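So the sequence lines, in the order shown, correspond to chains A and B.
Okay, so the first sequence: first residue is 382 according to the numbering used here, each after it adds one.
Okay, so the second sequence: first residue is 838 according to the numbering used here, each after it adds one.
Glycine residues also receive a C-beta, built at the ideal position from the N, C-alpha and C atoms.
On a predicted model such as this, the values are computed, not experimentally measured, just so you know.
Taking it in order: structure first as structure tokens, then the write-up.
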Amino acid sequence: MLRESMQITGRQVDVRGVTQGFGDDVDVPHAAALVDFAEAVVLRDASRAAAARARLRAALGEAGLVDAAAVVGAFHGFVRIADAIGIPYTTAAGGRDVPELREEAGIDDFYRVRVTD
Amino acid sequence: MSTLSFEASDVPVRADLVEAHQRAWAAIAAPGTWLTGERRVALAAEIRNAIGCAHCARIKAALSPNAIEGAHDSLGVLGAAEIELIHRVVCDPGRLSERWSQSVLARGLDEGEYVEIVGVIAMVMIMDTCTRALALPERALPAPREGAPSRYRPAGAKKQAAWLPLVEPEDAVDADGPMYPSPKAGYIYRGLSLVPQSLREYWTLANCHYLPGQYIYQFDKSIRAISRPQVEILAARVSALHQCVY
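Have a look at this one:
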């Protein structure tokens, strides 16, 4: 979805950032601040989250901060449904989530560290 | 503790998001398809309790989640299968397996109960994460409403593509009620379809946080205060941190 949303406006994104983190070199305004916010919330790091929130509020405004919080919340739900129900990912991103993309993004490494039972 | 999710917010929160939280908490307090309102509210309490579970922390840190013996730190209200389901889905969702899901069912949960519990987990995680991201206190749990679960199981549900039965769009019937934004709805939409009521409650909430279905593939439009690539950077990073391949 990230790659598609970039390509529609003629931009490219290094999808390795999905697993390794994005810096300010990615062609999305305030990408580093957004990633810092997402990581702080997922990791439940309150002091880091406070700083990230202030940074986002200054960069995106109050409505932008609220929408960023809402999206981070949404994906705490999506991942749990996908993982608990064991849905296949053949329809992810409308079928655009091809094996080559998962390899390039480093998502296949999740399997390499996963111990099946 | 407040009964309004955003009451203490120092930034304005859009009305549809406030209403979505109110509707979702009311839905959690009401009887579901397989669970009473009392049990659903007890699930919400255990979901919040799971975050601080020492046993879950040991599992999360271990190379294999199956190598750790011990018991979850639970509130003692729910059964062992419900507690295992809640704690593992909340704390270590990226390392679940079909064999694990079958072991949870074998401990005495019906498939519909399993799916309904996952729906409540997802809803509570969305709302609590959203408010925590805004540094707001947890909303007080609602008082459960009385009533009997409907015990409706869709006739078209079948176990084929996923670990639990799904209702494929072509197998949905009028009695199931509205479920999918389109006949091509992806598997993420179908995940809770064994319990149509849970599916509707979940997506009503999730759409207000991410994007309604009709906007998902309109990559050149944003109905939010942040651009679509900004939305997707957040989405991708959160999913990756949870080791979610989807």
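Contact annotation for residue 1081(B) against chain A: 460, 463 and 464 [CB-CB distance below 7 Å, chain order].
Taking a contact as a CB-CB distance under 8 Å, the pair residue 867(B) and residue 982(B) counts as one, their CB atoms being some 5 Å apart. Looking at the DSSP output, residue 1078(B) shares a beta bridge with no other residue.
Rounded to whole angstroms, the Cβ separation of residue 1056(B) and residue 389(A) is 4 Å, and the two are in contact under 8 Å.
With respect to chain B, the C-beta atom of residue 397(A) has no partner C-beta closer than 8 Å. C-alpha of residue 882(B) to C-alpha of residue 925(B): approximately 15 Å in a straight line. Sequence-distant Cβ neighbours of residue 887(B) in its own chain, meaning closer than 7 Å and more than five residues away, are 893, 923, 924, 927 and 928.
For residue 969(B), a Cβ of chain A is located within less than 8 Å of the residue's own Cβ. Taking C-alpha positions only, residue 1034(B) is separated from residue 978(B) by approximately 20 Å. Interface annotation, residue 884(B): not in contact with chain A, CB-CB separation never under 8 Å. In this chain, the alpha helix (DSSP H) harbouring residue 966(B) covers 948-970. Interface with chain A (8 Å Cβ-Cβ cutoff): residue 1010(B) is excluded.
The beta carbons of residue 1015(B) and residue 1037(B) sit about 7 Å from each other, so the pair counts as a contact at 8 Å. Apart from the 5 residues on each side of it in sequence, residue 403(A) sits with its Cβ closer than 6 Å to the Cβ of 412 and 416 in its chain, given in chain order. For residue 974(B), the CB contacts under 8 Å within the same chain, skipping 5 residues up- and downstream, are 838, 839, 845 and 968 in chain order. Excluding five sequence positions before and after residue 963(B), the CB atoms of its chain that fall closer than 7 Å to its own CB belong to 1042, 1043 and 1046, given in chain order. In the DSSP assignment, residue 457(A) falls within the alpha helix (DSSP H) that extends over 427-466. Taking residue 899(B) as the centre and dropping the five residues before and after it, the same chain places the C-beta of 905 closer than 6 Å to its C-beta, in chain order. Within the stretch 924-938 of chain B, those residues whose Cβ lies closer than 7 Å to any Cβ of chain A are, in chain order, 926, 930, 931, 932, 933, 934, 935, 936, 937 and 938. Comparing C-alpha distances from residue 959(B) to each of 427(A), 454(A) and 442(A) shows the shortest one belongs to 454(A). At a cut-off of 8 Å, the C-beta of residue 448(A) has a neighbouring C-beta in chain B.
Using a Cβ distance threshold of 8 Å, residue 457(A) and residue 952(B) do not count as a contacting pair.
Between residue 1062(B) and residue 414(A), the beta carbon gap of about 14 Å keeps them out of contact (Cβ cut-off 8 Å). Sequence-distant Cβ neighbours of residue 1000(B) in its own chain, meaning closer than 6 Å and more than five residues away, are 935 and 938. Below the 9 Å Cβ cutoff, chain A contributes 465, 466, 467 and 468 as neighbours of residue 1000(B), in chain order. Taking the Cα positions, residue 1081(B) is about 23 Å away from residue 409(A). A direct Cα-Cα distance of roughly 45 Å separates residue 980(B) from residue 387(A).
8 Å or more divides the Cβ of residue 919(B) from the Cβ of residue 1031(B). Contact note: residue 434(A) reaches chain B through 970, 971 and 972, using a C-beta cutoff of 8 Å and chain order. Here the C-alpha atom of residue 1070(B) lies approximately 11 Å from the C-alpha atom of residue 400(A). In chain order, 963, 1043, 1046 and 1047 make up the part of chain B whose C-beta sits under 7 Å from the C-beta of residue 455(A).
Collapsing the DSSP output to three states places residue 1071(B) in a helix. Shortest Cα-Cα distance from residue 885(B) to any of 858(B), 965(B), 933(B) and 908(B) involves 965(B). For residue 915(B), the nearest beta carbon of chain A is not closer than 8 Å to its own beta carbon.
For the stretch 1065-1080 of chain B, residues whose beta-carbon sits nearer than 9 Å to a beta-carbon of chain A comprise 1065, 1066, 1067, 1068, 1069, 1070, 1071, 1072, 1073, 1074, 1075, 1076, 1077, 1078, 1079 and 1080.
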